[in-house]
Amino acid sequence: MSKKKILIVDDDTDMIEQTKAYLESIGYSVFEAYSQKEAEELIEQGEFDAAVVDLMLENPDSGFVLSSKIKKKFPQKPVIMITSVGKETGIFFDKRNDTGNWIKADVVIQKDLRFEQLEKELEKLLEKK
Amino acid sequence: MNRITLNVLVVDDEQGMTSGAERCLRRFIAKDENIKDEISFAVSTASSGKEALDFLEKNNVDIMLLDYKLPDMNGIEILEKVSDKKILTIVITAFASLDVAITATKKGAFDFLAKPFTPEELRNSVRKAATSIYSMRMLKILEEEKKSIRFEFISVLAHELKSPISAVEGYLKLIDERIKGNDVSAYDTMIKRSIERLNSMRKLIIDIIDLTKLESNRKVRNIERINLAQSVKSIIDGFENQAKERNIKIITDIKDVFINADAGDIEMLVSNMVSNGIKYNKDGGEVKIIVDSEGEFTKLIFSDTGIGIKQEDLDKLFKEFVRIKNEQTRTIEGSGLGLSIVKKIVDFYDGKINIESEFGKGTSFTLYLKSKPPCD
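So, in structure tokens, the structure goes:
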């Protein structure tokens with residue numbers, strides 16, 4: 302069985318390096334994008350099985366835009382959005398109380414991100430497919 | 007300009023007095039060179055001590071005109087009873103004795119008016135009280151603003167300090183878990199990156215110390231005649247290795263210019279500028295440093311062939327912790343304080359900074375400094 306491909310989008314180089322090292326160690330192959338612009342190009346190509354996107358990139362809503370773009374093109378591909386906005390502003394984006402279905406990502410994870418948590422969510426979402 | 011209304015309570019058993027004072031203040035607008043707003047007055051009256059105290063219990067009063075001699079109590083008793091409220095009291099008395107004045111002042115009276123007085127004298131005294139209240143309010147607003155700026159600074163600082171810790175911690179955990187198996191070179195990268203983050207964290211802390219010293223005016227300066235050519239050259243020497251690593255050429259055109267300044271300020275200023283010139287440059291690029299004089303100013307130009315700054319980002323440049331984020335700056339470490347420090351030093355030497363920049367081509371900073379009078 303070939304490796305599942307994960308697209309990671311984050312403007313924090315260290316975060317990308319570390320997430321990549323972790324995900325590779327548990328058998329994924331990882332593609333990275335450092336900006337919304339870079340991510341949009343990779344999404345066009347569609348060479349990924351799931352995406353992990355940070356909310357705030359060059360635009361404060363980059364994560365929302367990217368999630369929605371991915372879901373429009375590939376409704377079946379899981380998207381996980383990562384954000385620290387909650388801790389800083391007290392506004393927590395959560396799928397459970399998103400009654401208007403504004404958040405297109407499948408799961409929202411609050412920072413500080415634990416890799417085990419990311420691993421579990423990815424496993425769950427990729428299994429469901 | 008805002009309209010502010012202060013509440014005035016006139017306490018006197020003479021009906022002529024209370025209605026006179028009311029008439030006198032009804033259309034009065036306090037003006038003063040220190041007051042930017044319009045202050046008008048809403049007047050209420052009381053004819054006895056008890057009535058006054060009842061009124062003060064239920065209403066908000068800013069200024070009280072208080073007759074010293076009331077049928078049921080004297081002015082001092084009332085002053086004592088309202089001492090915990092922030093009321094400016096003007097004591098009105100027909101018996102302008104020194105004794106009364108001293109006791110009343112001790113009890114917190116703001117001013118005195120001796121009977122009989124003219125409407126002008128009454129207005130003057132009320133204007134004085136209004137100005138005092140106005141200044142206190144402005145001071146409070148200013149302090150609140152200062153507090154909130156300080157809070158914002160601290161919370162950004164905390165965030166900036168936390169992020170390298172998280173990054174290094176993350177790498178250590180991955181190394182601890184031997185996440186890359188036996189691939190030693192992968193760990194080397196993680197260790198190297200951790201050291202980089204720790205170094206830039208140390209630089210941030212040093213910058214904070216510098217900036218705090220400059221900000222609080224607590225920096226002890228030793229103003230002396232400095233040969234700028236010498237000191238700039240020796241500071242540049244310290245950057246030689248850093249420049250060589252990325253094959254960046256440092257070109258100088260340095261005239262013998264003297265300035266009365268603190269050597270520490272010059273060091274901070276020049277090293278921040280040279281460091282930026284190298285950091286935000288392209289590999290194989292150039293940093294050019296010119297030292298010259300222009301009229302009463304000493305002129306320092308730092309040009310680079312680096313990544314340049316977009317027009318819309320120029321205004322943000324000197325704000326604390328601002329780091330222009332784009333594809334080019336992503337991997338460059340920095341505290342976001344360097345140019346704030348430079349700006350503060352230039353301000354101290356009554357100077358100015360001109361920036362010319364072309365995105366993708368490079369930036370040129372021209373710093374003008376004036377000599378300071380030497381210490382003793």
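Residue numbers (this note's numbering), protein chains in the order written: chain X, 302 to 430; chain W, 7 to 382.
For glycine and all other residues, C-beta sits at the position ideal for the given N, C-alpha and C.
Check, Outcome
"What first and last residue would you give for the alpha helix (DSSP H) that runs through Thr-335(W)?", "From DSSP, Thr-335(W) is part of no alpha helix (DSSP H); its letter is neither H nor E."
"Identify the contact partners of Thr-337(W) in chain X, using a Cβ-Cβ distance below 7 Å as the criterion.", "Thr-314"
"Can you tell me the Cβ-Cβ gap for Asp-73(W) and Asp-19(W), rounded? I've got them flagged as a contact below 8 Å.", "7 Å"
"Could you check if Lys-316(W) is buried or exposed, using at least 16 other CB atoms within 10 Å of its CB as the buried criterion?", "exposed"
"What residues from the segment 199–231 of chain W come within 8 Å of chain X, judged by C-beta to C-beta, listed N to C?", "Arg-199 and Arg-203"
"Which parts of the segment 251–288 of chain W are runs of the alpha helix (DSSP H), unbroken and 4 residues or longer, counting only runs that do not cross its ends?", "269–285"
"Any idea what DSSP makes of Asn-13(W), helix, strand or coil?", "strand"
"Give the DSSP bridge partners of Leu-71(W), in chain order.", "Val-16(W) and Ile-96(W)"
"Could you tell me which of Ala-322(X), Leu-427(X), Phe-365(X) and Lys-372(X) sits nearest to Ile-383(X), measuring between CA atoms?", "Phe-365(X)"
"Less than 7 Å between CB atoms is the rule here; does Ala-340(X) satisfy it with respect to chain W?", "no"
"Mind listing the chain W neighbours of Asp-413(X)? Cutoff is C-beta to C-beta under 7 Å, in chain order.", "Ser-172"
"Is Ala-58(W) helix, strand or coil when you go by DSSP?", "helix"
"Are the C-beta of Ala-322(X) and some C-beta of chain W separated by less than 7 Å?", "yes"
"Using a Cβ-Cβ distance cut-off of 7 Å, determine whether Leu-94(W) contacts chain X.", "no"
"Looking at the secondary structure, which residues open and close the alpha helix (DSSP H) in which Ser-330(X) lies?", "From DSSP, Ser-330(X) is part of no alpha helix (DSSP H) but of the beta strand (DSSP E) over 330–334."
"Is Val-380(X) near Ala-406(X), with beta carbons less than 7 Å apart?", "yes"
"When you compare the CB of Gln-337(X) with every CB in chain W, is at least one pair closer than 7 Å?", "no"
"Take Lys-412(X) as the anchor and find which of Glu-422(X), Ser-385(X), Leu-426(X) and Ala-334(X) has the nearest alpha-carbon.", "Ser-385(X)"
"Using a Cβ-Cβ distance under 7 Å, would Ser-385(X) count as near chain W?", "no"
"Beta-carbon separation of Glu-364(W) and Gly-314(W) under 7 Å?", "yes"
"Please return the same chain residues whose Cβ sits closer than 7 Å to the Cβ of Val-331(X), not counting the five positions on each side in sequence.", "Ile-307, Ile-309, Lys-321, Leu-324 and Glu-325"
"Check the DSSP bridge columns for Ser-363(X) and list the partner residues they point to.", "None; Ser-363(X) has no bridge partner."
"Starting from Tyr-193(W), trace the alpha helix (DSSP H) in both directions and tell me its first and last residue.", "190–221"
"Is the beta carbon of Tyr-193(W) less than 7 Å from the beta carbon of Ile-181(W)?", "yes"
"Taking the alpha carbon of Glu-424(X) as the reference point, which residue from Ala-352(X), Ile-344(X) and Glu-348(X) has its own alpha carbon closest?", "Ala-352(X)"
"Where does the unbroken beta strand (DSSP E) through Tyr-355(W) begin, and where does it stop?", "Tyr-355(W) -> no beta strand (DSSP E), and no H or E assigned at all."
"With a CB to CB cut of under 7 Å and the five nearest residues on each side skipped, what residues in its chain are close to Leu-87(W)?", "Residue identity check: residue 87(W) is Lys in the sequence provided, not Leu. The residues are Leu-59."
"Answer yes or no: does any C-beta atom of chain X fall closer than 7 Å to that of Leu-180(W)?", "yes"
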